[in-house]
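Residue numbers (our numbering), protein chains in the order written: chain A, 1084 to 1285; chain B, 199 to 369.
Following this line, the structure appears as structure tokens:
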């Protein structure tokens, strides 16, 4: 009950092209203060969960990155991302997702998320270890992936804006070859604080 | 704080998995591509080659200790393994990019009896059509990939295990 009271759920209708109306549920975890946004479409569901910069910094330091590289990843607005094909059984649609088609919209500019390929020159330049690179690659959400009914995946997506900054996210997916689009509005990167519950309201 | 975060994430995936419905599926690959062979060491330094298991169905799971759905499905893999270990079915769990010490600590909380293989540099994983973790393949006794599961599954589900059994029962 206490948990339920602590969750602030906001339902917002979204404009979705070529698909039935979807909705986004925004929740704040009362224990961590972290915010998540969950999109539920017909077959595709998508959940984005804030990760504190400190979480990401510690994760990548523990997997062999030097401090500068860990700081750079941590500051890149990482969300834990869970994408699922909710269809079940044979005959359900195949979903195809290419994150290169997604856009982070902020200050009237739209850019793709900072995907794995964009980080590789930095790893080369700084001599990041093989172990660190392997960990980075496999902890990120795959840039391109196909989801059969019942398939799902977890992974981090670095969206790019700085800690605490807000943005809209244009998402694109392909459902049995048909392109679907949607917009998730007013997402916020986790602030660079130890405990978001104690952050000053903005 | 960190423990609360981890518990929250695990609770979320558990709830979501339950809410997502009971029907589980393995995606059949009709073209049945040949499974890339590999030789990897387990936690005790023993080598395992996929080709050693020719004549059996092999469940090949790619995972990492830090991956929440990998942790979530691991106990069910052990329970599933207990159901099929005396049949012509093998289970190999290929860890991507971690050390034996990291896996050793992990198995204190997630004890399993099937081989945990170390793909330290990720090169074996690169040879397989793996996009994210966990991904699991079922290889038939002729060494062909027949099924794929992207994301975790409840591997003690009789419906899933029956699909694997069908490969050694002449399916």
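Idealized CB from N, CA, C, for every residue including glycine. A quick note: this is a predicted structure, and the numbers were derived from the prediction, not measured.
Query: Cα-Cα separation between residue 1199/A and residue 224/B, rounded to whole angstroms; Result: 28 angstroms
Query: Partner residues on chain A for residue 319/B, Cβ-Cβ distance less than 7 angstroms; Result: 1213, 1217
Query: Continuous beta strand (DSSP E) stretch holding residue 1281/A: start and end; Result: Residue 1281/A -> no beta strand (DSSP E), and no H or E assigned at all.
Query: Residue span of the alpha helix (DSSP H) that contains residue 1199/A, given as start and end; Result: 1199-1209
Query: The stretch 233-245 of chain B touching the stretch 305-325 of chain B, judged by at least three CB pairs closer than 8 angstroms; Result: yes
Query: 6 angstroms CB neighbourhood of residue 275/B in its chain, flanking five on each side removed; Result: 353
Query: Interface residues of the stretch 293-323 of chain B facing chain A [CB-CB below 7 angstroms]; Result: 294, 295, 319, 320
Query: Best match in 1120/A, 1167/A, 1208/A, 1166/A for proximity to residue 1151/A [C-alpha to C-alpha]; Result: 1208/A
Query: C-beta atoms of residue 1227/A and residue 1275/A nearer than 7 angstroms; Result: no
Query: Every unbroken alpha helix (DSSP H) inside the stretch 1142-1201 of chain A [4 residues or more]; Result: 1150-1157
Query: Residues sharing a beta bridge with residue 293/B, DSSP; Result: 261/B, 316/B
Query: Start and end residues, alpha helix (DSSP H) containing residue 1269/A; Result: Careful: residue 1269/A lies outside any alpha helix (DSSP H), inside the beta strand (DSSP E) at 1261-1271.
Query: Nearest candidate by alpha-carbon position, reference residue 244/B, set 312/B, 333/B, 347/B; Result: 312/B
Query: Terminal residues of the beta strand (DSSP E) in which residue 1256/A lies; Result: 1249-1258
Query: One or two residues paired with residue 1236/A in a DSSP bridge; Result: 1166/A
Query: C-alpha gap between residue 1096/A and residue 1265/A, whole angstroms; Result: Unreliable placement is indicated for residue 1096/A, whose pLDDT of 37 sits below 50; no coordinate value is reported for it.
Query: Per-residue DSSP class, three states only, for residue 326/B; Result: coil
Query: Residue 278/B at chain A interface by Cβ criterion, 7 angstroms; Result: no
Query: CB contact flag (residue 260/B, residue 303/B, <7 angstroms); Result: no
Query: Own chain, CB closer than 6 angstroms to residue 1257/A, minus 5 neighbours either side, in chain order; Result: 1179
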